[in-house]
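*Asks:* Provided herewith is a single structure, encoded as structure tokens, for subsequent inquiry.
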Amino acid sequence: MDEKKINLPDCCISCTACITACPVTAATHKFRGPKMVGPAQSRLYFADNEMDSTLYLCSNCKNCDIACPSSVPISTMNMMARAKYYETHKHPQRDAMIGHPEKMGRLLEDIPLGAFFANIGASIGTSIGMVKAMGLADERPLPKFASETFASMLKRKKQLSSDKKVVFFPGCVINYNEPQVGMDFVEVMNQNGYEVLLEEDFVCCGSPLVTTGYMAEVKINATKNSHLIKKCIDKGYPILTICTSCSLMIKQEYHELFQDEIPDVEENAKHIFDASEFLMDIAQQDQLNTNFGAINHKFAYHAPCHLRAQGIGLPSLDLLRLIPGLQIDDLDAGCCGISGNYGYKAENYERSMKIGENLFNAVKESCVDTVLTDCGTCRNQISHGAQVKSKHPMTILAESYKNS
Amino acid sequence: MKACDVVVIGGGISGILSAIVAAKKGKSVTMFRYGYGAFEIGGGLIDIMAYPDNKKESSSLKNCIGTLPGDHPYSKLGLKRVEAAVKFLLELTKEEGYAYQGSVDELHWVPTAIGTMKPTGLYPKSFDSQILKNADTIYLVNFKGLKDYYAELTEKMLKKTIGKDKKYEIVTVDPRMEEAIGGRDVMIMDIARWLDKKEGQKDCANQLQALVKPGAAVVFPQVLGTVPSYDVYDKMKSALHCDITEALCIPPAAAGMRLSKLLHNAARKYGVRIIEKARVKSAIVTDDVCEAVVVSGVGKEHTYAAKSFILATGGYYSGGLEVLDNNKVLEPIFNLPIKVMSQKEYEWANVELFSNQKQPFALAGVTVNHEMCPVDENGEKVLKNLFVTGRNLCGYDFCFEKSGNGVALASAYQAAMSAMEV
Chain A
1 MDEKKINLPD
11 CCISCTACIT
21 ACPVTAATHK
31 FRGPKMVGPA
41 QSRLYFADNE
51 MDSTLYLCSN
61 CKNCDIACPS
71 SVPISTMNMM
81 ARAKYYETHK
91 HPQRDAMIGH
101 PEKMGRLLED
111 IPLGAFFANI
121 GASIGTSIGM
131 VKAMGLADER
141 PLPKFASETF
151 ASMLKRKKQL
161 SSDKKVVFFP
171 GCVINYNEPQ
181 VGMDFVEVMN
191 QNGYEVLLEE
201 DFVCCGSPLV
211 TTGYMAEVKI
221 NATKNSHLIK
231 KCIDKGYPIL
241 TICTSCSLMI
251 KQEYHELFQD
261 EIPDVEENAK
271 HIFDASEFLM
281 DIAQQDQLNT
291 NFGAINHKFA
301 YHAPCHLRAQ
311 GIGLPSLDLL
321 RLIPGLQIDD
331 LDAGCCGISG
341 NYGYKAENYE
351 RSMKIGENLF
361 NAVKESCVDT
371 VLTDCGTCRN
381 QISHGAQVKS
391 KHPMTILAES
401 YKNS
Chain B
1 MKACDVVVIG
11 GGISGILSAI
21 VAAKKGKSVT
31 MFRYGYGAFE
41 IGGGLIDIMA
51 YPDNKKESSS
61 LKNCIGTLPG
71 DHPYSKLGLK
81 RVEAAVKFLL
91 ELTKEEGYAY
101 QGSVDELHWV
111 PTAIGTMKPT
121 GLYPKSFDSQ
131 ILKNADTIYL
141 VNFKGLKDYY
151 AELTEKMLKK
161 TIGKDKKYEI
171 VTVDPRMEEA
181 IGGRDVMIMD
191 IARWLDKKEG
201 QKDCANQLQA
211 LVKPGAAVVF
221 PQVLGTVPSY
231 DVYDKMKSAL
241 HCDITEALCI
251 PPAAAGMRLS
261 KLLHNAARKY
271 GVRIIEKARV
281 KSAIVTDDVC
291 EAVVVSGVGK
301 EHTYAAKSFI
311 LATGGYYSGG
321 LEVLDNNKVL
331 EPIFNLPIKV
341 MSQKEYEWAN
351 VELFSNQKQP
361 FALAGVTVNH
371 EMCPVDENGE
381 KVLKNLFVTG
391 RNLCGYDFCF
401 EKSGNGVALA
411 SAYQAAMSAM
421 EV
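Line by line, the protein sequences give chains A and B.
Note that UniProt numbering gives residue 251 to position 251 of the first sequence, counting from 1, and the numbers run on in steps of one.
Note that UniProt numbering gives residue 347 to position 347 of the second sequence, counting from 1, and the numbers run on in steps of one.
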């Protein structure tokens, strides 16, 4: 594990690489930029406990961390400062909603036809101005809830039974909004001889809570998840996710935020994988099922920032390139602008679209009808901003196995 | 484990250049990058050599290469190899639509924000002090709200360097960045991003047309776009009917961002697999061959095997070299032998910041042979399939000599050539 320098802002050598990398800095001159808001401001907390007045603009996309040659976890410094602020200040009303996608999902799960009515409610809410009044962007569709959760779908599935087992951390987007993507993942793992187990007591990884400043709740979730993850690892099961924000959170940010306060976070991280990272690892040992059926289609790939921050390259892109007939362009056009719940806030909508402009243009230039990307909110943003379909790479891998 | 042809450790200018050289020849290349390198600090110019010795007299590389000490990277490489590397870069930048010019034969002088002239080797055509010498009238463009650039200072010093006999005039453009009030200081980068967009270019050209008379020379701070293209330069030139030049400014440097984008575009085009935020921690070595390197990403380690390896991790600032407490300098991945100038730490630094002596600490680094393969004190290869580039190398003070990117380019080119022969 790379040494984290969370309390050492002086490791910042002020090289300004983060400023050139920051998509929010590029989109607005109001933002003082990662160097100033993160390490520079944190040196002043002894004198002044107020957060930088432009900190609210940080999207926690982590491009500053990717650019930093000195391992300063700039974005996490920002999020800790934001949490500190909310210890003594009131949250806007909508934060309760967008910080807690899981609460919403669980609530609807218990109501017959809950998802159906929630989706209708959201569109009515948009048309009568409720959404805007709550402080949410009404220009973009809110994520739709699926009629059945992933956990419930998995129970109905006749899975391969195998000695080789992995435990899936589905995360809120897969469990409540896009369960079919989770099922595609299960299919891909089954094709590789792995049985997928679900630990139903897992809670939200905490990523949306970090960005809205509910740090006490993040700690509760991190403690619970870390304990459950440890139990799975003790049984010899690796933990896999297909959401890059979840994997970054449970692998890296738990460590950055709570390394001395929650047991096992560092050891756990060694056994937590992005699913494509795991599959590329077994490919290295010639154990990947490469019986891929042809998919004669051209796609574009967008690398989520939270994947790029993990130091594992772009394993989904490497996997997709193994599929016969499939053409894929790496768009490499930077942040999509949504950054989890950032782009759903009313005041961030325009900025979020401006940040994504480069990417939307790159999608248009590539002349594809579908963009593949590992992150759920990136998929929503790309579909909204570039008017194309967006899918998880796992869906394409599952389809390719079906074609074989 | 599956091995690729070449693994490059480091994503600064020498790392990415060596990756492109090998990938362009059809090799499978994986490059690890931790942080962004010094592109935005370096300013986008390729300084090859300007001040070879302590006399502080400028000289092109061609004129001085014979007089350099034996352990200088250029002495190891020889002029022909440096020329081949320069040719590669000139062709690459041309292919990518942002052609550099220059050579090892002579120095090219570019204007700076403080009105002095700085020698360089390879450069985008938008940096040219010659146009100032040829002009009767020189306009200095200022941008409203821009910190870090003082046209008055540039004017004052230009009168000394270029001459008082010319007419100087400061013209101010409003980039309409009221949003920055109470926010961030407007930087060179912000103006350059404004000029990346068609609306910004049009607005700027319109404002200047009202202030600038045709036939003059116009000095811009380094703001003519952040993407590798002469689009903004050409548009301004034709709108104003003047010769124009950019002046080097303090970071973040727009021309450095252009070079960075150019090289990353080329790397992607030639199929270099770039793994970001990946710090190589150690190597797996059998006898005198490196089998694989171990990367610690978040949480866990991944091992990457290759036929050959290129070390481009840089110097003290980027962790390529570390100074230990016991008066030793360490190369932390392979623990390669390091040549230091003195065993006594108090002799490592020359306390005069602007002295006419090279800094001993700057000369410390890895010793290599002409292939850029690391060697021990007897000249024996330490690892047969490892090659070293850029600031990892011993024997030169890039800051004093103004030779940083030139050594990076030439050593990267040679390291890639050597790596392909393994």
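For each residue, glycine too, the CB sits at the ideal point set by N, CA and C.
If we define contact as Cβ-Cβ less than 9 Å, is residue 106 of chain A a contact residue for chain B?
*Replies:* Residue mapping note: residue 106 of chain A aligns to position 106 of the first sequence, counting from 1. With 9 Å as the cut-off, residue 106 of chain A does not count as an interface residue toward chain B.
*Asks:* Would you verify that the beta carbon of residue 405 of chain A is, or is not, closer than 9 Å to some beta carbon of chain B?
*Replies:* Lying before the first or after the last residue shown, residue 405 of chain A is absent from chain A, which here runs from 1 to 404.
*Asks:* Tell me whether the beta-carbon of residue 236 of chain B lies closer than 9 Å to the beta-carbon of residue 205 of chain B.
*Replies:* Taking the second sequence and counting its residues from 1, the one referred to as residue 236 of chain B is at position 236. Taking the second sequence and counting its residues from 1, the one referred to as residue 205 of chain B is at position 205. Contact: yes.
*Asks:* Checking 9 Å against the spacing of the C-beta atoms, do residue 128 of chain A and residue 345 of chain A come in under that value?
*Replies:* Numbered from 1 along the first sequence, position 128 holds the residue referred to as residue 128 of chain A. Numbered from 1 along the first sequence, position 345 holds the residue referred to as residue 345 of chain A. Residue 128 of chain A is not a Cβ neighbour of residue 345 of chain A, given a cutoff of 9 Å.
*Asks:* Spatial neighbours of residue 34 of chain A within its chain, please: CB distance less than 6 Å, with the 5 preceding and 5 following residues excluded, ordered by chain position.
*Replies:* Taking the first sequence and counting its residues from 1, the one referred to as residue 34 of chain A is at position 34. For residue 34 of chain A, where only same-chain residues beyond five positions count, the Cβ hits under 6 Å are 18, 22, 64, 74.
*Asks:* Quick one: what does DSSP say residue 239 of chain A is sitting in, helix, strand or coil?
*Replies:* Here residue 239 of chain A refers to the residue found at position 239 of the first sequence. When DSSP states are grouped into helix, strand and coil, residue 239 of chain A belongs to the strand group.
*Asks:* For the beta strand (DSSP E) containing residue 184 of chain B, list its first residue and its last residue.
*Replies:* For the purposes of this step, residue 184 of chain B is taken as residue 184 along the second sequence, with counting starting at 1. Looking at the DSSP string, residue 184 of chain B is not in any beta strand (DSSP E), and its letter there is neither H nor E.
*Asks:* Would you decide whether residue 191 of chain B is buried or exposed? Buried here means 16 or more other CB atoms lie within 10 Å of its CB.
*Replies:* By one-based count along the second sequence, residue 191 of chain B stands at place 191. Flag for residue 191 of chain B reads buried.
*Asks:* Would you say residue 367 of chain A touches the ligand SAH, meaning its beta carbon is less than 8 Å from a heavy atom?
*Replies:* Only the bare structure without any ligand can be found here, which leaves the ligand SAH out of the picture.
*Asks:* Can you check whether the C-beta of residue 19 of chain A is within less than 9 Å of a C-beta belonging to chain E?
*Replies:* Annotation note: the requested chain E is absent from the structure, which comprises protein chains A and B.
*Asks:* 9 Å is my cut-off, CB to CB: does residue 200 of chain B come that close to chain A?
*Replies:* Residue numbering aside, residue 200 of chain B sits at position 200 when the second sequence is read from its first letter. No, residue 200 of chain B lies away from the interface with chain A (no Cβ there is under 9 Å from its Cβ).
*Asks:* Assign residue 302 of chain A to one of two classes, buried (16 or more other C-beta atoms within 10 Å of its C-beta) or exposed (fewer than that).
*Replies:* Counting from 1 along the first sequence, the entry for residue 302 of chain A is found at position 302. Burial call: buried.
*Asks:* What residues of chain A sit near residue 246 of chain B, judged by a beta carbon separation below 8 Å?
*Replies:* Mapped onto the second sequence, residue 246 of chain B falls at position 246. Under a criterion of Cβ atoms nearer than 8 Å, no residue of chain A is adjacent to residue 246 of chain B; the nearest Cβ is some 17 Å distant.
*Asks:* Measure the alpha-carbon distance for residue 145 of chain B versus residue 329 of chain A and round it to whole angstroms.
*Replies:* Taking the first residue of the second sequence as position 1, residue 145 of chain B is located at position 145. Taking the first residue of the first sequence as position 1, residue 329 of chain A is located at position 329. CA-to-CA, the gap between residue 145 of chain B and residue 329 of chain A works out to about 40 Å.
*Asks:* Considering only C-alpha positions, which residue in the set B/194, B/296, B/161, B/208 is nearest to residue 170 of chain B?
*Replies:* Position 170 of the second sequence, counting from 1, holds the residue named residue 170 of chain B. The candidate whose alpha carbon is nearest that of residue 170 of chain B is B/208.
*Asks:* Taking residue 410 of chain B as the reference, give the member of B/370, B/285, B/382 with the closest Cα.
*Replies:* Numbered from its first residue, the second sequence carries residue 410 of chain B at position 410. Selected option, being the one with the closest Cα: B/370.
*Asks:* In the DSSP output, which residue or residues are listed as bridge partners for residue 168 of chain B?
*Replies:* Taking the second sequence and counting its residues from 1, one reaches residue 168 of chain B at position 168. DSSP output for residue 168 of chain B lists B/138 as bridge partner(s).
*Asks:* Going by beta-carbon coordinates alone, are residue 365 of chain B and residue 333 of chain B separated by less than 9 Å?
*Replies:* Residue numbering aside, residue 365 of chain B sits at position 365 when the second sequence is read from its first letter. Residue numbering aside, residue 333 of chain B sits at position 333 when the second sequence is read from its first letter. Not a contact, by the Cβ cut-off of 9 Å.
*Asks:* DSSP three-state label for residue 308 of chain A, please.
*Replies:* As a working mapping, residue 308 of chain A is identified with position 308 in the first sequence. Reduced to three states, the DSSP call for residue 308 of chain A is helix.
*Asks:* Tell me, please, whether the CB atom of residue 337 of chain A is closer than 9 Å to any CB atom in chain B?
*Replies:* Numbered from 1 along the first sequence, position 337 holds the residue referred to as residue 337 of chain A. So, not an interface residue.
*Asks:* Whose Cβ in chain A lies nearer than 8 Å to the Cβ of residue 291 of chain B?
*Replies:* Within the second sequence, numbered from 1, the residue matching residue 291 of chain B stands at position 291. Under the 8 Å cutoff, chain A gives no residues; its nearest Cβ is about 14 Å from residue 291 of chain B.
*Asks:* Would you report the Cα separation of residue 213 of chain A and residue 76 of chain A, rounded to the nearest angstrom?
*Replies:* Your numbering for residue 213 of chain A matches position 213 in the first sequence. Your numbering for residue 76 of chain A matches position 76 in the first sequence. The straight-line gap from Cα to Cα measures roughly 11 Å.
*Asks:* Using a beta-carbon distance cut-off of less than 8 Å, what residues from the region 7-36 of chain A approach chain B?
*Replies:* 13, 15, 16, 17, 19, 20, 21, 25, 26, 28, 29, 30, 31, 32, 33, 36
*Asks:* Nearest-angstrom Cα distance between residue 166 of chain A and residue 145 of chain A?
*Replies:* As a working note, residue 166 of chain A is residue 166 in the first sequence. As a working note, residue 145 of chain A is residue 145 in the first sequence. Spanning the two alpha carbons is a distance of roughly 26 Å.
*Asks:* Identify the residues that DSSP records as bridge partners of residue 330 of chain B: which are they?
*Replies:* Counting from one through the second sequence, the residue named residue 330 of chain B turns up at place 330. Paired residues: B/322.
*Asks:* In whole angstroms, what is the alpha-carbon distance linking residue 2 of chain A and residue 271 of chain A?
*Replies:* Taking the first residue of the first sequence as 1, we reach residue 2 of chain A at position 2. Taking the first residue of the first sequence as 1, we reach residue 271 of chain A at position 271. Below a pLDDT of 50, predicted positions are generally treated as unreliable, and residue 2 of chain A, at 45, falls in that range; the measurement from the model is reported next regardless. About 16 Å.
*Asks:* So which residues on chain A does residue 180 of chain B lean against when the C-beta distance must stay under 8 Å?
*Replies:* Taking the first residue of the second sequence as position 1, residue 180 of chain B is located at position 180. Those within 8 Å of residue 180 of chain B in chain A are 29, 30.
*Asks:* Would residue 286 of chain B and residue 111 of chain B be called neighbours here (beta carbons separated by less than 9 Å)?
*Replies:* Within the second sequence, numbered from 1, the residue matching residue 286 of chain B stands at position 286. Within the second sequence, numbered from 1, the residue matching residue 111 of chain B stands at position 111. For residue 286 of chain B and residue 111 of chain B, no; Cβs fall outside 9 Å.
*Asks:* Output needed for residue 94 of chain A: all residues of its chain with C-beta closer than 6 Å, excluding positions within five of it in sequence on either side, in chain order.
*Replies:* Start at 1 with the first residue of the first sequence, and residue 94 of chain A comes out as number 94. Excluding residues within five positions, the ones whose Cβ falls inside 6 Å are 134, 135, 136.
*Asks:* Assign residue 287 of chain A to one of three DSSP states: helix, strand, or coil.
*Replies:* Translated into positions along the first sequence, residue 287 of chain A becomes position 287. In this structure, residue 287 of chain A counts as coil in the three-state DSSP scheme.
*Asks:* Looking at residue 90 of chain B and residue 101 of chain B, is the spacing between their C-beta atoms short of 9 Å?
*Replies:* Along the second sequence, one-based indexing puts residue 101 of chain B at 101. Along the second sequence, one-based indexing puts residue 90 of chain B at 90. Going by C-beta atoms, residue 101 of chain B is nearer than 9 Å to residue 90 of chain B.
*Asks:* Sorted by chain position, which residues of the same chain lie with C-beta nearer than 6 Å to residue 140 of chain A's C-beta, five sequence neighbours on each side aside?
*Replies:* Sequence index remark: in the first sequence, residue 140 of chain A carries index 140 (1-based). Taking residue 140 of chain A as the centre and dropping the five residues before and after it, the same chain places the C-beta of 384 closer than 6 Å to its C-beta, in chain order.
*Asks:* Do you know whose CA, among B/11, B/400, B/161, lies nearest residue 33 of chain B's CA?
*Replies:* The sequence position of residue 33 of chain B within the second sequence is 33, counting from 1. Looking from the CA of residue 33 of chain B, the closest CA among B/11, B/400, B/161 belongs to B/11.
*Asks:* What residue does the beta strand (DSSP E) around residue 448 of chain A start on, and which one ends it?
*Replies:* Any property of residue 448 of chain A remains undetermined from this structure, which presents chain A solely from 1 to 404.
*Asks:* What does the Cβ neighbour count give for residue 39 of chain B, buried or exposed, with the cut at 16 atoms within 10 Å?
*Replies:* One-based indexing of the second sequence puts residue 39 of chain B at position 39. Residue 39 of chain B should be labelled buried.
*Asks:* Which chain A residues sit within Cβ distance under 8 Å of residue 193 of chain B?
*Replies:* For the purposes of this step, residue 193 of chain B is identified with residue 193 of the second sequence, where counting begins at 1. Chain A residues near residue 193 of chain B: 26.
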